[in-house]
Amino acid sequence: MPYYRRAGDVPAKRHTQHRGPDGGLYYEELMGEEGFSSDSSLLYHRAIPSAITGSRPWELPDLATVANHPLKPRHLKLPALFEGADPAVTDAVTGRRLVLGNEDVRIGYVVAGAASPLYRNGVGDECVYVESGTARLETVFGVLDARPGDYLVIPRATTHRWVPTGDAPLRAYCIEANSHIAPPARYLSRYGQLLEHAPYCERDLRGPEGPLLAEEEHAGEAEVLVKHRGPGPGGLAGSVLTYPTHPFDVVGWDGCLYPYAFSIHDFEPLTGRVHQPPPVHQVFEGHNFVICNFVPRKVDYHPLSIPVPYYHSNVDSDEVMFYCGGDYEARKGSGIGQGSVSLHPGGHAHGPQPGAYERSIGVDFFDELAVMVDTFRPLGLGEGGTACEDQGYAWTWAGGHGPLEA
Numbered sequence: 001m002p003y004y005r006r007a008g009d010v011p012a013k014r015h016t017q018h019r020g021p022d023g024g025l026y027y028e029e030l031m032g033e034e035g036f037s038s039d040s041s042l043l044y045h046r047a048i049p050s051a052i053t054g055s056r057p058w059e060l061p062d063l064a065t066v067a068n069h070p071l072k073p074r075h076l077k078l079p080a081l082f083e084g085a086d087p088a089v090t091d092a093v094t095g096r097r098l099v100l101g102n103e104d105v106r107i108g109y110v111v112a113g114a115a116s117p118l119y120r121n122g123v124g125d126e127c128v129y130v131e132s133g134t135a136r137l138e139t140v141f142g143v144l145d146a147r148p149g150d151y152l153v154i155p156r157a158t159t160h161r162w163v164p165t166g167d168a169p170l171r172a173y174c175i176e177a178n179s180h181i182a183p184p185a186r187y188l189s190r191y192g193q194l195l196e197h198a199p200y201c202e203r204d205l206r207g208p209e210g211p212l213l214a215e216e217e218h219a220g221e222a223e224v225l226v227k228h229r230g231p232g233p234g235g236l237a238g239s240v241l242t243y244p245t246h247p248f249d250v251v252g253w254d255g256c257l258y259p260y261a262f263s264i265h266d267f268e269p270l271t272g273r274v275h276q277p278p279p280v281h282q283v284f285e286g287h288n289f290v291i292c293n294f295v296p297r298k299v300d301y302h303p304l305s306i307p308v309p310y311y312h313s314n315v316d317s318d319e320v321m322f323y324c325g326g327d328y329e330a331r332k333g334s335g336i337g338q339g340s341v342s343l344h345p346g347g348h349a350h351g352p353q354p355g356a357y358e359r360s361i362g363v364d365f366f367d368e369l370a371v372m373v374d375t376f377r378p379l380g381l382g383e384g385g386t387a388c389e390d391q392g393y394a395w396t397w398a399g400g401h402g403p404l405e406a
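Be aware that the sequence shown starts at 1, since it is given in UniProt numbering, and climbs by one per residue.
See the structure below:
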């Protein structure tokens, strides 16, 4: 994170004695990235944070992928994954279904109405986009209220749980990295401040309210589901660790590493006289992938401009677009709608649907909302992706006639 925060009770000097009202010592934990060489925070626990009384396997949801072969663009209808399902028995951790994934990132989707177990991703950061519904994200750092349009960025190894609130279920688009997720380096000063040309700033980021202390209702042992490196698909495995006391026992913390929320509605779009390329829409980056978003905005104002994207070949990346609001002009006539995902793979030229190029001339505003993930290694389809594919999408640029062998 680009700036320092402090919450609760911390000592005046780090790595010194910090005692509670009864005179007992609190236990200091350093949570840091890249060994001791990058962002970190210090958390002060009432109990020893490394104490466990049990460990057993957790069978992860299906994380296997199949190659996008033969190569073609794809349309995945994510709402179909949970049609007929009861959200009251689905939670935002164990209920995720893998849509797309590779060695660097996994993209999942869930419709949840139940509180999740305590959970920790020990492999990488998570960026969860809230499509609709509301939730309370409870963490060892404190609480974040999740609202529609929020990104929740959760650092690796943060113990947390999702508690849906309100009457509607939580619909969440989950981006799990095998690395850290942060604002793009070009938005930051050499000291980590968001610069003037960045499309958002520190005022737009919401840190956790806390600390969050478990009291009598959480007395006794607590189980935490941990996703970690292992022998399973994608080099992952799951374990359930049992702690003698609840992990929400942090009386205070400070530092530059913590979960935070950022609303897509606070992203200030950059526009120009002619069509701007996707990097101007970037919001976050991870190792070998970027996250961009397309928000309602004034579009190109050159008198001869064509506001929808020009056709382009993804030479180095696969492009994944999650359509989460508004009216996406370039995809009209393709069958894509709210909750759809398009995959446009490297090696294939793609662009607007037939007719969109001409229709966009003279348009001065796009009312659209979409989250894009570009990956620099090819994506495979997870079980969720294969289960909700629109088989006709690839042929829509040619009039929807289907492959020749059909």
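We put the CB at the ideal spot given by N, CA and C, even for glycine.
- Secondary structure at E358: helix, using DSSP grouped into helix, strand and coil.
- If only complete runs of 3 or more residues are kept, the stretch 98-169 shows the beta strand (DSSP E) at 105-112, 118-121, 126-132, 134-139, 142-146, 150-154 and 160-165, in order along the chain.
- Annotation: the continuous beta strand (DSSP E) that includes G252 extends over V250 to G255.
- Under the Cβ criterion (8 Å, minimum of three pairs), the stretch 349-356 does not count as touching the stretch 84-102.
- By the CB criterion at 7 Å, I154 and E126 fall inside the cutoff.
- Burial check for L63: the Cβ neighbour count within 10 Å reaches 16 or more, so the residue is buried.
- Secondary structure of I291 (DSSP, three-state): strand.
- Cβ neighbours of F365 within its own chain (closer than 8 Å, five residues either side excluded): P296, R297, K298 and V299.
- Here G235 is actually not in contact with L60; their C-beta atoms are around 12 Å apart, not less than 8 Å.
- Proximity of the stretch 333-352 to the stretch 265-276 falls short of the contact definition, fewer than three beta-carbon pairs being nearer than 8 Å.
- Within the model, the alpha-carbon separation for S116 versus L137 is close to 10 Å.
- Look at the beta carbons and you see the stretch 168-187 touching the stretch 278-288: at least three pairs across the two are nearer than 8 Å.
- Counting along the chain, G84 sits inside no beta strand (DSSP E), nor does DSSP assign it H or E at all.
- Collapsing the DSSP output to three states places I336 in coil.
- Apart from sequence neighbours up to five positions away, the residues of its chain that approach G95 with a beta-carbon distance below 7 Å are V110 and A112, ordered along the chain.
- Nearest neighbour of A172 by Cα position, chosen from D91, G142 and A222, turns out to be D91.
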